[in-house]
Amino acid sequence: MNTSNLRMVVVGNNKLADTINMLYSNLSLVEIEKIDVEEIHKRNIFANVIFETENVDLRKKKEILQKIEQSTTNDALILTSILGVTATEAASWLKNSSRVVGFAFFANIVKGDLIEIAPALQTKSFYLERAKQCFLKVTEKIEVVEDEVGLVFPRILAMIINEAVFALMEKTATIEDIDIAMKKGTNYPYGPFEWADDIGLDDVYAVLAGLKRSLGEERYRPASLLKKMVLAKWIGKGSERGFYFNREKKEIMT
1 MNTSNLRMVV
11 VGNNKLADTI
21 NMLYSNLSLV
31 EIEKIDVEEI
41 HKRNIFANVI
51 FETENVDLRK
61 KKEILQKIEQ
71 STTNDALILT
81 SILGVTATEA
91 ASWLKNSSRV
101 VGFAFFANIV
111 KGDLIEIAPA
121 LQTKSFYLER
131 AKQCFLKVTE
141 KIEVVEDEVG
151 LVFPRILAMI
161 INEAVFALME
171 KTATIEDIDI
181 AMKKGTNYPY
191 GPFEWADDIG
201 LDDVYAVLAG
211 LKRSLGEERY
221 RPASLLKKMV
231 LAKWIGKGSE
241 RGFYFNREKK
251 EIMT
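Reminder that position 83 of the sequence shown reads as 83 in UniProt numbering, one-by-one numbering, no gaps.
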């Protein structure tokens with residue numbers, strides 16, 4: 001390995017991990033490797049930057065972060081997805097919490113899209129600056145925001161999708177009609193169900209469940225249909241089952 005290169009490791013068995021790996025692949029002076037969660041229990045991690053991507057299972061996320069800390073050098077930057085938890089809480093699980101920075105974006109992100117990051121209360125400014133430089137390699141649009149579950153865009157979009165699912169459950173309109181109404185009424189590029197399938201229903205659910213857990217307000221409660229689909233692993237494009245897939249299940253998907 002060329003010591004002048006930036007060495008990155010992505011930990012995760014999900015679509016977000018695949019996306020991050022793809023974003024940084026083939027960049028000059030960057031070496032990136034994606035490893036499965038199971039591998040961190042069997043090896044040391046030699047990297048300057050580690051991405052941690054678990055969103056739904058917070059107990060598993062805690063275990064992964066603690067294993068990353070045990071397996072890497074003390075000065076490596078840990079970037080953790082905070083769709084379902086704050087950076088401050090994630091950092092509190094580690095002995096060296098000062099090197100943790102949170103990020104929040106969905107797995108459908110492409111190069112050049114806005115990336116939101118948030119330091120934990122424990123984060124040293126040195127590591128926040130390193131996080132900025134890391135993400136500047138794939139976008140010029142970075143926003144540093146306050147540390148809250150889901151940050152800004154993921155939080156608001158997840159709530160729009162959740163309300164659309166409630167409307168569907170109440171038989172207010174069909175999936176297609178809700179999407180058409182939202183695209184025409186708001187000029188959004190996608191309807192909420194199209195967006196949900198593209199993003200991944202599991203990550204949408206992670207944001208909502210994290211907000212409900214963190215803030216305790218009823219308005220963040222995930223719709224029961226959304227929760228059932230995540231439990232069934234009907235999470236959109238990644239599973240080939242979602243709101244616009246497997247439409248023979250009329251009792252759920254109309």
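For each residue, glycine too, the CB sits at the ideal point set by N, CA and C. Note that this is a predicted model, so its numbers are computed, not measured.
At a cut-off of 3 residues, not a single continuous stretch assigned as beta strand (DSSP E) sits fully inside the region 157-221.
If you compare the alpha carbons of Ala131, Asp113, Ile109 and Ser71 with that of Val100, the shortest gap goes to Ala131. Ranking Phe193, Asn108, Lys15 and Asn187 by CA distance to the CA of Glu54 puts Lys15 first.
In the structure shown, Ser25 adopts coil according to DSSP, grouped into three states. Distance from the CA of Val9 to the CA of Lys141, rounded to the nearest whole angstrom, comes to 22 Å. In the DSSP secondary-structure assignment, Thr53 is not bridged to any residue.
By a beta-carbon distance limit of 8 Å, Val207 does not contact Val152. Their separation comes to about 11 Å. Secondary structure of Arg7 (DSSP, three-state): strand. Under the criterion of beta carbons closer than 8 Å, Thr123 and Ala91 qualify as touching, at roughly 7 Å.
Residue range Ala87 to Ser92 is occupied by the alpha helix (DSSP H) that includes Glu89, with no beta strand (DSSP E) assigned at that position. In the structure shown, Val152 falls within a coil segment according to DSSP collapsed to helix, strand and coil. Under the 10 Å beta carbon count, Lys34 is surrounded by 16 or more other beta carbons and is classified as buried.
Beta-bridge annotation (DSSP): Arg241 is paired with Gly236. In terms of CA proximity to Leu23, Cys134 leads the group Cys134, Tyr188, Gly185 and Lys237. When only Cα atoms are considered, Phe105 and Ser81 end up about 8 Å apart. When the beta-carbon positions are compared, Phe51 and Leu6 stay at least 8 Å from each other.
Nearest C-alpha to Leu27 among Ile109, Lys137 and Phe245: Lys137. Taking the Cα positions, Val144 is about 9 Å away from Ile115. By the beta-carbon neighbour count (other beta carbons within 10 angstroms, threshold 16), Thr186 is exposed.
Leu83 is not a Cβ neighbour of Asp197, given a cutoff of 8 Å. Within the region 78-147, the alpha helix (DSSP H) runs of at least 4 residues that lie entirely inside it are, in chain order, 87-92 and 125-135.
Comparing alpha-carbon positions, the option among Gly242, Gly210 and Asn21 lying closest to Lys111 turns out to be Asn21. Taking each of Val49, Gly12 and Tyr190 in turn and checking the Cα distance to Ala164, the smallest one comes out for Tyr190.
Here Lys42 carries a coil assignment [DSSP, helix/strand/coil]. Proximity to Tyr127 across Thr139, Asn96, Pro154 and Ile161 peaks at Asn96, based on C-alpha coordinates. Going by beta carbons, Asn48 and Ser71 fall outside the 8 Å limit.
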